[in-house]
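Colleague:
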Amino acid sequence: MMGNLCSYTIGIFLLSMFLSFPSFAAVYTISPDGLGDYPTIQEAVTGCDPGDIIELTDGVFNGDGNRDIEYHGKSIIVRSQSGDPESCIIDCEGSAVEYHRGFYFLYQEDADARVENLKIINGYVSGDD
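Going left to right, the sequence shown walks through residues -25 to -1, 1 to 104 as mature numbering (1 follows the signal peptide of the UniProt record, and there is no 0) numbers them.
This is the structure:
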């Protein structure tokens, strides 16, 4: 009887240890030339899970999929792999004729949805946006 109770207690302990380990975030790498885990920043954001990290290699990201990026409510981080915002740039290529910005946070993202160590240039929006 005591052996069964001990086995049961150990089993519960091991199960609780397994369930309490934190899950690890996946890290995806994106390059301006379209190489990497996804061809664009937006495709990486769309394809990743909450808690994941998207690292951008140094260079200039521009064009569709690399501007006007929507997080869709996900708690993810998009950051410079090198940590140097002067070397990792998102060029929105916006103008008075064609509005663009770096990121949209439209779906009640929380404080864990972050952009870190990126330089965002040439964003342009109207006063109504």
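Ideal Cβ positions, reconstructed from N, Cα and C, are used throughout, including at glycine.
Where does Ile16 sit, in a helix, a strand or coil, going by DSSP?
Modeller: helix
Colleague: Any idea what DSSP makes of Gly34, helix, strand or coil?
Modeller: Gly34: strand per DSSP, three-state reduction.
Colleague: Using only CA atoms, which one of Gly40, Ser55, Ser6, Val2 lies nearest to Lys94?
Modeller: Cα-wise, what sits closest to Lys94 is Ser55.
Colleague: Could you tell me which residues DSSP pairs with Arg76 in its beta bridges?
Modeller: The partner list for Arg76 (beta bridge, DSSP) is empty, contrary to what the question assumes.
Colleague: Taking Cβ to Cβ, would you say Gly69 is nearer than 8 Å to Asn41?
Modeller: no
Colleague: Roughly how many angstroms separate the alpha carbons of Gln17 and Ala1, rounded to a whole number?
Modeller: 16 Å
Colleague: Between Thr4 and Gly102, what straight-line distance do the alpha-carbon atoms span, to the nearest angstrom?
Modeller: 34 Å
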